[in-house]
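Under the UniProt record's numbering, the first residue of the sequence shown carries the number 1, and numbering increases by one thereafter.
We put the CB at the ideal spot given by N, CA and C, even for glycine.
For reference, the structure is listed below as structure tokens.
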Amino acid sequence: MNVFIPVDDVGKAIEFYGLPVRFRDGDRFALLEGGIGLAGPDEHLTDATAVCLKVADVAPAVRDLLDRGGALVRGPEAGPHETRAVLRDPSGNLFVLYSSGGSR
1 MNVFIPVDDV GKAIEFYGLP VRFRDGDRFA LLEGGIGLAG PDEHLTDATA
51 VCLKVADVAP AVRDLLDRGG ALVRGPEAGP HETRAVLRDP SGNLFVLYSS
101 GGSR
């Protein structure tokens with residue numbers, strides 16, 4: 001599980017949080033120690049901080065959550081490094097599902 005944070009500038013956000021970088025894709029995205037994902041403007045999946053949950057396969061997970069009262073906001077879609085979808089839980093909270101593999 002990670003926390004997705006949309007930011008205006010990935011480099012400045014890395015400096016601000018001051019945590020070691022585990023992965024960085026230029027100005028698109030950085031994953032920091034502790035599960036903090038910083039998403040630059042090209043990768044804003046949401047307009048607010050959201051929990052990201054890794055699943056084996058996004059499409060069936062989305063169908064299951066829709067059957068349980070979730071609402072699809074975006075996707076499923078291929079991202080640069082993953083397949084992802086954005087949903088809302090029955091209380092209105094945003095979250096992102098993702099699985100390994102993407103368009104690159």
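Cα separation between P76 and D42? 17 angstroms
Using only the alpha-carbon positions, how far apart do G92 and R68 sit? 13 angstroms
Between the CA atoms of Y17 and I36 - distance to the nearest angstrom: 9 angstroms
Below 8 angstroms CB to CB, which residues in the same chain sit around V58 once its five sequence neighbours on both sides are set aside? G75, P76, T83, R84, A85, L97, Y98 and S99
Rounded separation between V10 and V21 - CA only: 11 angstroms
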